Amino acid sequence: PVGNAGNITAYWKGYNEYFNDGIAKHLPQMWGFQAAGASPIVLNKVVSNPETIATAIRIGNPASWKEAVAARDESGGLIDSVTDDEILSAYRLVADKEGLFVEPSSAAGIAGLIKKKSEGNLPTGKKIVITVTGNGLKDVQWVLDGAAAPIVVSVDVDRAAHEIGLA
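The opening residue of the sequence shown carries number 3 in our numbering; numbering runs sequentially from there.
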């Protein structure tokens, strides 16, 4: 995910240090994804009123903009955007398939990978790593919005067991 662009910048710096010190043999391509309603780097202009459900990347003028563009360009990578619907779909997918509870902003990277795969734009024969940056407890609104209403039961172990299918 790319919001203020500090993460992609710091990761690129670290990868370069490992490479220059001989610890890493290759440098990765850096791919970043912004929310479509808050994608100033993709649009190459400040977004005055950024809007997205991914609150941690709801940034209209990233502090590390120039450095993120350098990371993208130096690595031969990309920075693209994903819609809120794509983010929420990825958010649910990673919970369902991997058991990971991430915040919507973290799901932007997963959404971006899914988007690039659907476009036929994934490199072949490469290892792909997605960094998920935030726990779902940072932004629980979206999981609560999709949850069923809680079932209220009296203080009765047998009744509670029945309600959750254990009796």
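All residues carry an ideal CB built from backbone N, CA and C; glycine is no exception.
Every value quoted in this text rests on a predicted model; they were computed, and no experiment measured them.
Return yes when the Cβ of residue j is within less than 9 angstroms of the Cβ of residue i, no when it is not.
| i | j | result |
| --- | --- | --- |
| GLU105 | ASN137 | yes |
| VAL4 | ALA92 | no |
With H, G and I counted as helix, E and B as strand and the rest as coil, what does DSSP make of residue i?
| i | result |
| --- | --- |
| ILE89 | helix |
| VAL84 | strand |
| GLY34 | strand |
| ALA48 | In the sequence on display, residue 48 carries Val and not Ala. If DSSP states are grouped into helix, strand and coil, VAL48 belongs with coil. |
| ASN239 | Here the chain comprises residues numbered 3 to 169, so residue 239 is not present and cannot be evaluated. |
| ASN9 | helix |
| VAL104 | strand |
Round the Cβ separation of residue i and residue j to the nearest angstrom and send it over; I've been treating them as touching at under 8 angstroms.
| i | j | result |
| --- | --- | --- |
| ILE132 | LEU115 | 6 angstroms |
| MET32 | ALA65 | Incorrect: roughly 17 angstroms between the Cβ atoms, too far for contact. |
| LEU95 | VAL134 | That pair is no contact at about 12 angstroms. |
What do you get for residue i, buried or exposed, if any count of 16 or more other CB atoms within 10 angstroms of its CB means buried?
| i | result |
| --- | --- |
| PRO1 | An answer regarding residue 1 cannot be provided, because it is not within the stretch 3 to 169 covered by the chain. |
| VAL49 | buried |
| ARG161 | exposed |
| THR54 | buried |
| GLY111 | buried |
Next on the checklist: Can you confirm whether the stretch 9 to 22 touches the stretch 35 to 45 when touching is taken to mean that 3 or more C-beta pairs between the two stretches lie within less than 8 angstroms?
Outcome noted: no
Next on the checklist: Contact between the stretch 79 to 93 and the stretch 20 to 38 is defined here as three or more beta-carbon pairs at a separation below 8 angstroms; is this criterion met?
Outcome noted: yes
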